[in-house]
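Shown next, in structure tokens, is the structure this report addresses.
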Amino acid sequence: MATAGLWLFTVLTVLTLFFIIFFVLKKGLPVLSLKFLATNPEEMGRAGGIFSTIIGTIALTMTAILIAAPLGIGSAIYLSEYTRENWVTRVIRFGAECLAGIPSIIFGLFGFILFVTKLKFGWSILSGSLTLAFMILPTLIRTSEEAIRSVPYAYREVSYSLGSTKWQTVTRVVLPSALPGIVTGIILSVGRSIGETAAVIFTAGSALRLPTSVFSSSRTMSVHFYILAREGISMSNAYGTAAILILAILAMNLVTYAMMNRFMRRYC
Amino acid sequence: MPSVAIRAQNFSHYFGARQTLKKINLDVLENEILGIIGPAGSGKSTFLRALNRLNDLVADSRVEGTLLVEGVDVYAANVSVVELRRRLGMVFATPVPLPRSIYENVAFGARMAGLRNKSALTDLVLDSLKKTALWEEVRDRLHSSALKLSGGQQQRLCIARILALKPRFILLDEPTSGLDPISTMKIEETLRQLKKDYTIILVTNNTKQAARVADRTAFFLNGDLIEVNETTKIFSAPSDQRTNDYISGRFG
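From first to last, the protein sequence lines stand for chains A and B.
Numbering follows my numbering, with no gaps: position 225 of the first sequence is 267.
Numbering follows my numbering, with no gaps: position 13 of the second sequence is 63.
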């Protein structure tokens, strides 16, 4: 009975997933063409393609990860390897967890006030990616810390007993073993960044031009989809954008999975 | 009379308030195999880990008295712990190959010490593997994962890995506790071979193993060193009743 019930839940979950993907692809795929990918939007997106929004998405996400990953992984290393558990680490961890629960639109507002107006970065890739970086930081810290903690204590002991310094133990033994977990955290963060709309609209703006520097305003695919659908500009182009988003995320997961698989086979 | 390589003088160790070693006075002689026996919790592993300061990794680990390795106080302020651990190679109860190739496992210590020269590294790896007689079994798969080796092979790899440090001492913490009799025999044979070049301390919960390989045997009980003597004397005519009770299997 329990088995049947749980089986049903699992099937429902998987079916929902496939239904969403199927629905979006069915509506979006007919629009897709090389031209759709390679040309910039025209007439607010009613015509033309989505090239500039693809570039905007990549630029924004990559910059956000480049900012957040060193901070997040660094904090995780500090929390797990360089301090003993005490009230300070508990406060940091509690703070990070609270940060993870804050709605993204609040991050957007915060980023708008701090980066766009106060620091005068304007609506730009820089403001957007800094905001996204803050938003994904808690997830990154959390997943990296868990990955680092799950490295067997014996590895550390062996490393020290073979005459390694603390730094060598962390960088040569602990981090490589924790890498799959850390990369998982990064992928989750990339996914969240790509999909984020509220925080991005507030901070990176929605310019349709091709961005030329980190100070350019730029529109991401998610924002593009939102605007096309919300303002009723072009539903078919909106679904085309959505289809590309879904395919991109699928492809990214597949590539990472393959890479991890290869890495694991080599070292474990 | 062989010279003293390690000397413990009134050496005590604490984890927080709990005293794990009580004023140990013990000499380890050059090129001997010293067996340390005793029931679980008797402090024998703690003594071993005090020598290469691996106990330092545990919070509130504390020592009193002196522990001299080749005349130098291990706990003196100017001692380089990294250097110390290279001189006292340690083998753990469960073999722990690092998740990398056989070659890289053996080369690990030398790489950490900054050795980059490829041919020197390879020479070192081959030489160390040959000393543990693992060479014949792994020569055609040096670059495959060390985790694929059998338990006994992994443990011999761990011994090869510390030989590559060019240590003076080999500390073994119940190295065969998880191994089958044949693997155990191979490791014991390796230890006998290594004795001429290294000073070896073998902590074991298997008294018969001490009887088989150790030149001298020390008996620890509840953090006290009860007695230390020639292995034959310990096993034929121990001077303390508790030693007699332990080796004849009356407790432990």
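By construction, the Cβ of each residue, glycine as well, lies at the ideal position given by its N, Cα and C atoms.
As the structure is a computational prediction, the values presented were derived from the model and not from experiment.
- Per DSSP, Ile297 of chain B lies in no beta strand (DSSP E) segment; the continuous alpha helix (DSSP H) that holds it begins and ends at 291 to 297.
- Looking at B:Gln259, B:Phe158, B:Val253, B:Thr70, the one whose alpha-carbon comes closest to that of Pro231 of chain B is B:Gln259.
- DSSP places Glu280 of chain B within a strand segment (E or B) once states are collapsed to three.
- Counting along the chain, the unbroken beta strand (DSSP E) around Glu114 of chain B starts and ends at 111 to 119.
- Residue state for Met277 of chain A is assigned as helix, using DSSP reduced to three classes.
- Residues of the region 112 to 135 of chain B whose Cβ lies closer than 7 Å to any Cβ of chain A, in chain order: Val132, Arg135.
- Annotation: His266 of chain A is outside any beta strand (DSSP E); the continuous alpha helix (DSSP H) that includes it extends over 263 to 272.
- An exposed status is given to His193 of chain B, since fewer than 16 other beta-carbon atoms sit within 10 Å of its beta-carbon.
- Apart from the 5 residues on each side of it in sequence, Gly227 of chain A sits with its Cβ closer than 8 Å to the Cβ of Gly114, Thr181, Leu182, Arg184, Thr185, Ser186, Ala189 in its chain, given in chain order.
- DSSP places Asp123 of chain B in the strand class (E or B) of the three-state scheme.
- What Phe219 of chain B touches in chain A, judged by beta-carbon distance under 9 Å, is nothing: the nearest beta carbon there is about 12 Å away.
- The residue among A:Gly205, A:Phe157, A:Arg214, A:Leu179 with its C-alpha nearest the C-alpha of Val256 of chain A is A:Phe157.
- Between Leu207 of chain B and Leu199 of chain B, the C-beta gap is smaller than 9 Å, which places the two residues in contact.
- Taking C-beta atoms as the reference points, Met140 of chain B and Ile212 of chain B count as a pair closer than 9 Å.
- Going by DSSP, Gly139 of chain B is part of the beta strand (DSSP E) stretching over 138 to 141.
- DSSP links Ser151 of chain B through a beta bridge to B:Ser195.
- Against chain B, a Cβ distance below 9 Å from Tyr197 of chain A picks out Val146, Leu148, Pro149.
- With a cut-off of 8 Å on Cβ pairs, the region 285 to 302 of chain A is in contact with the region 231 to 245 of chain A, counting three or more such pairs.
- By the neighbour-count criterion, in which a residue is buried when 16 or more other Cβ atoms sit within 10 angstroms of its Cβ, Arg132 of chain A is exposed.
- Taking each of B:Pro52, B:Glu133, B:Pro145, B:Gln69 in turn and checking the Cα distance to Leu222 of chain B, the smallest one comes out for B:Pro145.
- Leu79 of chain B and Ile109 of chain A have their C-alpha atoms some 57 Å from each other.
- At a cut-off of 9 Å between beta carbons, Thr52 of chain A makes no contact with chain B.
- Distance from the Cα of Ala90 of chain B is smallest, within the candidate group B:Asn279, B:Arg262, B:Asn256, for B:Asn256.
- Between Ser201 of chain A and Gln210 of chain A, the alpha-carbon positions lie close to 8 Å from each other.
- Going by C-alpha positions, Met43 of chain A is about 15 Å away from Val53 of chain A.
- Rounded to the nearest whole angstrom, the C-alpha separation of Pro288 of chain B and His63 of chain B is 26 Å.
- Contact annotation: the region 232 to 248 of chain B touches the region 166 to 183 of chain B, with at least three C-beta pairs closer than 8 Å.
- Residue pairing for Asp223 of chain B: DSSP places it in a beta bridge opposite B:Val253.
- By DSSP's assignment, Leu54 of chain A forms no beta bridge with any residue.
- Under a criterion of Cβ atoms nearer than 9 Å, the residues of chain A adjacent to Arg211 of chain B are, in order, Val200, Leu204.
- If you compare the alpha carbons of B:Thr293, B:Leu271, B:Val132, B:Asp295 with that of Ile74 of chain B, the shortest gap goes to B:Leu271.
- Going by C-alpha positions, Leu151 of chain A is about 14 Å away from Ala175 of chain A.
- Here Asp274 of chain B carries a strand assignment [DSSP, helix/strand/coil].
- Counting only Cβ-Cβ distances below 7 Å, Met235 of chain B has no contacts in chain A at all, with the closest Cβ about 25 Å away.
- In terms of beta-carbon proximity, Phe158 of chain B lines the interface with chain A, with at least one pair separated by less than 9 Å.
- Residue-level contact check: Arg191 of chain A does not touch chain B, since none of the beta carbons of chain B fall below 9 Å from its beta carbon.
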